[in-house]
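Numbering of the sequence shown is given in the numbering used here, commencing with residue 96 and proceeding in unit increments.
For each residue, glycine too, the CB sits at the ideal point set by N, CA and C.
Bear in mind the structure is a predicted one, so any value in this text is a computation, not a measurement.
Working notes, beginning with the structure itself.
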Amino acid sequence: HDELVARAEQWMSAHLDRPIELTAVARALGCSERTLTRRFVTATGLSPLRSVRRLRLETAARLLATTALAVAEVASLAGYDDDRAFRRAFLAHFGRTPIAHRRAHRRAL
């Protein structure tokens, strides 16, 4: 467990609905971009920007499973400006479309 990485993930989660730049995260945490990147990779195996992508997609998956928001609204809340880019990223990460994900979770409820 790395406290800096945990704080960075909290900061990123709170700002998912807008573009996140590594410079801003590092500045908010009082460290350099290099330190942040090195500690992220050591703790998670992912770069900070890949972690942002993962957080965005996990947030979208949770919203799809627990709300009736339109896919475009979910994409926007998760920080995607382009619905098609969101759908491609979601499919690549989860192996199914956002709609298929929602259907699978609705059946499970």
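Range of the contiguous alpha helix (DSSP H) that encloses alanine 119:
Reading the sequence shown from its first residue, position 24 is the one you call residue 119. Counting along the chain, the alpha helix (DSSP H) containing alanine 119 begins and ends at 117-124.
Can you grab the Cα-Cα spacing for the pair alanine 138 / serine 146, in whole Å?
The sequence position of residue 138 within the sequence shown is 43, counting from 1. The sequence position of residue 146 within the sequence shown is 51, counting from 1. A straight-line Cα-Cα distance of about 11 Å links alanine 138 and serine 146.
Closer than 8 Å is the cut-off here; do at least three beta carbon pairs connect the segment 152-162 with the segment 178-192?
yes
Is the segment 159-166 close to the segment 102-114, with three or more CB pairs under 8 Å?
no
Just the C-alpha distance for aspartate 178 and arginine 198, rounded to the nearest angstrom, thanks.
As a working mapping, residue 178 is identified with position 83 in the sequence shown. As a working mapping, residue 198 is identified with position 103 in the sequence shown. One C-alpha to the other measures close to 19 Å.
Rounded to whole angstroms, what is the Cα-Cα separation between histidine 196 and cysteine 126?
Sequence index remark: in the sequence shown, residue 196 carries index 101 (1-based). Sequence index remark: in the sequence shown, residue 126 carries index 31 (1-based). In a straight line, the C-alpha of histidine 196 is about 38 Å away from that of cysteine 126.
In chain order, what residues of the same chain lie with their CB nearer than 8 Å to the CB of proline 143, ignoring the 5 residues before and after it?
Within the sequence shown, numbered from 1, the residue matching residue 143 stands at position 48. For proline 143, where only same-chain residues beyond five positions count, the Cβ hits under 8 Å are Ala103, Met107, Leu117, Val120, Leu131, Thr132 and Phe135.
May I ask you to report which of helix, strand or coil DSSP gives arginine 191?
The count along the sequence shown starts at 1 and reaches residue 191 at position 96. Arginine 191: coil per DSSP, three-state reduction.
Since alanine 184 and arginine 148 are thought to touch, with beta carbons under 8 Å apart, how far apart are those beta carbons, to the nearest angstrom?
The residue labelled residue 184 in the question sits at position 89 within the sequence shown. The residue labelled residue 148 in the question sits at position 53 within the sequence shown. That belief holds up - the Cβ atoms of alanine 184 and arginine 148 are roughly 7 Å apart, short of 8 Å.
Anticipated Cβ contact below 8 Å, aspartate 112 with leucine 172, distance rounded
Residue 112 sits at position 17 when you count from the first residue of the sequence shown. Residue 172 sits at position 77 when you count from the first residue of the sequence shown. Confirmed, about 6 Å.
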